[in-house]
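Every letter in the sequence shown is one number past the one before it in the numbering used here, and letter 246, counting from 1, is 254. Note that CB positions come from ideal geometry on N, CA and C, so glycine has one too.
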Amino acid sequence: MELKNIILEKEGNLAIVTINRPKALNALNSETLKDLDLVLENLESDKNIYCVVLTGAGEKAFVAGADISEMKDLSEEEGKEFGLLGNKVFRRLEKLDKPVIAAISGFALGGGCELAMACDIRIASERARFAQPEAGLGITPGFGGTQRLPRLVGEGKAKELIYTCAMIKADEALRIGLVNKVVPLESLMDEARAMANLIIANAPIAVKLCKDAINRGMQVDMDSAIVIEAEDFGKCFSTEDQKEGMTAFIEKRNKNFLNK
Ligand code: DAK
């Protein structure tokens, strides 16, 4: 797999994915989106990876948005193509069958904030800044921002942020529920690894099914959602991990999940 703008590293059961265009503040051009698609394909088929940390190279930015210099002269048709590519990759990330933690050092703007929102969990450094500046550029947030932001922070706050293009600091992002945790910049990756390791210590198929139940259940009404939950709950009982997890509890010993 030849990647131009992304670094993929694997540390045991953890994958670290770094968007690596620091000179352009890791802005997402189509080359980078295609790289990310390849990385996701690789991670989908790697049964040894149980959790992913997604971050941006350098301290200044997670991702400063879609690449404005590439988008500036797009025709309607090319704009549609760019949007379809971005949406395909973001959805693939959201549906990846293992949790993804975004580790956000600095700017997460436009497509960068949307990329973070397509992850399961967001950890921000104290220096992180968030905004959806698209309306000021003459476009709407097109990589899921109009859909994922209101789901995360509520409709009123999402409308305020999207209409005003206001940039908010990490503490405000924490207060409104856009991020899970704010930590000093120097401990950002350690904190992300520590949280990933807590996830990795649990039964991987159960974690995968939790993600599936939450993601699918959030899109439907409660009556349909509990059917999805019951299906995923049932699937756990065909796994070795369920037998091991419960047997270890009864026998008062440490659990020993498969492949660990
Ligand atoms: N695209 C391309 N290059 C960017 C960039 C971006 N989004 N952000 C920064 N850069 C580049 C700058 O041009 C500069 O390059 P050089 O001049 O050095 O070659 C370099 O990164 C450093 O940036 P600055 O010199 O501007 O650094 P400052 O510290 O002064 O300012 C900043 C940092 C983050 C406040 C500023 O760079 C900034 O405002 N950047 C733009 C942020 C922004 O507006 N982002 C949102 C982009 S719009 C779609 C779906 C989704 C989208 C589009 C279409 N469809 C469905 C079709 C998404 C849209 C967006 O994300």
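Starting from the Cα of residue i, find the closest Cα among the options and give me that residue.
i: D198; options: V161, K96, A35 and I109; result: I109
i: E142; options: I129, L117 and R135; result: L117
i: D43; options: L22, G20, R100 and A214; result: R100
i: G87; options: T63, D45, S38 and I207; result: S38
i: N304; options: K18, D229 and M230; result: The requested residue 304 is not part of the displayed model; the chain covers only 9 to 268.
i: E10; options: K106, D45, R201 and E78; result: D45
i: I129; options: I207, I76 and T247; result: I207
i: V71; options: A211, G120, L217 and P107; result: G120
i: K80; options: L145, D229, I131 and L33; result: L145
Between residue i and the rest of its own chain, which residues show a CB-CB distance below 8 Å, the 5 nearest in sequence each way excluded?
i: A174; result: A139 and E168
i: A256; result: N262, K263 and N264
i: V228; result: I236
Might you give, ordered along the chain, the residues of its own chain that have their beta carbon closer than 6 Å to the beta carbon of residue i, omitting 5 neighbours on each side?
i: L157; result: A166
i: E102; result: A126
i: G91; result: G150
i: R29; result: N13
i: A211; result: D249, G253 and F265
i: R159; result: none
Is residue i helix, strand or coil by DSSP?
i: E17; result: strand
i: S83; result: coil
i: K177; result: strand
i: V235; result: helix
i: A204; result: helix
i: K103; result: helix
i: C127; result: coil
i: I57; result: coil
i: L186; result: coil
i: A214; result: helix
i: S246; result: coil
i: G150; result: coil
Between residue i and residue j, which are expected to be in contact by the criterion C-beta below 8 Å, what is the C-beta distance as a whole number of angstroms?
i: I112; j: S83; result: About 33 Å separates the two Cβ atoms, so there is no contact after all.
i: G73; j: A35; result: 6 Å
i: F8; j: K68; result: Only positions 9 to 268 of the chain appear in this structure, which leaves residue 8 out of reach.
i: I14; j: I24; result: Actually they do not touch by this definition, with Cβ atoms about 11 Å apart.
i: A136; j: A65; result: A136 to A65, Cβ: 15 Å. No contact.
i: A214; j: C244; result: 6 Å
i: K106; j: K251; result: K106 to K251, Cβ: 22 Å. No contact.
Starting from the C-beta of residue i, find all residues in its chain whose C-beta is less than 7 Å away, skip the five residues before and the five after it, and write them out in chain order.
i: D220; result: D240
i: A204; result: L22, C59, V61 and I109
i: L41; result: L93, G94 and V97
i: T225; result: Looking at the sequence shown, residue 225 is not Thr but Gly. A233, I236 and E237.
i: Y171; result: A143
Does any residue of chain D bring its CB to less than 8 Å from the CB of residue i?
i: A132; result: Absent here is chain D; the protein component of the structure consists of one chain.
Check: Does the stretch 139-153 come close enough to the stretch 177-187 to have 3 or more Cβ pairs within less than 8 Å?
Finding: The stretch 139-153 vs the stretch 177-187: no contact.
Check: Any chance the stretch 34-51 sits against the stretch 229-240, with 3 or more Cβ pairs inside 8 Å?
Finding: As far as the Cβ criterion goes, the stretch 34-51 does not touch the stretch 229-240, which means the pair count is below three.
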